[in-house]
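Visitor: This is the structure, below, for whatever I ask next.
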């Protein structure tokens, strides 16, 4: 990856990992945005957040000064009904 320009590296990783769900134009747009945006938090299709997180982690490892560091928060909730009949 380090032999490629960052945007091209992002495109190649996206193509390998998400080529089955994204069109070429989408991957090129995302590759251009990944240096500035944490798309694993912001992408409109939330079903792709985990995969974008993985792509972001690989790109951060290859280019730590150029891509945002992936971070995650785990939240556990316990929900109790106020009205047991509800």
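Numbering (my numbering), first residue to last: 3 to 88.
Yeah, the Cβ is synthetic: ideal placement off N, Cα and C, and Gly gets one too.
1. Tell whether a beta-carbon distance below 8 angstroms holds between residue 56 and residue 19.
2. Here's the rule I'm using: 16 or more other beta-carbon atoms within 10 Å means buried, otherwise exposed. How should residue 12 be labelled?
3. Cα separation between residue 29 and residue 64?
4. To the nearest angstrom, how far is the alpha carbon of residue 70 from that of residue 52?
5. Is residue 21 near the ligand FMN, with its Cβ less than 7 angstroms from a heavy atom?
6. Which residues in the same chain have their Cβ closer than 6 angstroms to the Cβ of residue 47, if we skip the five residues on either side of it in sequence?
7. For residue 74 and residue 58, what's the separation of their Cα atoms in angstroms?
Guide: Quick look at the numbers:
1. Along the chain shown, one-based indexing puts residue 56 at 54. Along the chain shown, one-based indexing puts residue 19 at 17. Yes, the pair counts as a contact, with Cβ atoms nearer than the cut-off.
2. Numbered from its first residue, the chain shown carries residue 12 at position 10. So residue 12 ends up on the buried side.
3. Position 27 of the chain shown holds residue 29. Position 62 of the chain shown holds residue 64. Rounded to the nearest angstrom, the two C-alpha atoms are 19 angstroms apart.
4. Taking the first residue of the chain shown as 1, we reach residue 70 at position 68. Taking the first residue of the chain shown as 1, we reach residue 52 at position 50. Distance between the alpha carbons of residue 70 and residue 52 is about 15 angstroms.
5. The ligand FMN is absent from the structure shown, which contains no ligands of any kind.
6. To locate residue 47, count along the chain shown from 1; it is residue 45. Counting only Cβ-Cβ distances below 6 angstroms, and skipping sequence neighbours, we find nothing.
7. Mapped onto the chain shown, residue 74 falls at position 72. Mapped onto the chain shown, residue 58 falls at position 56. Approximately 12 angstroms between the Cα atoms of the pair.
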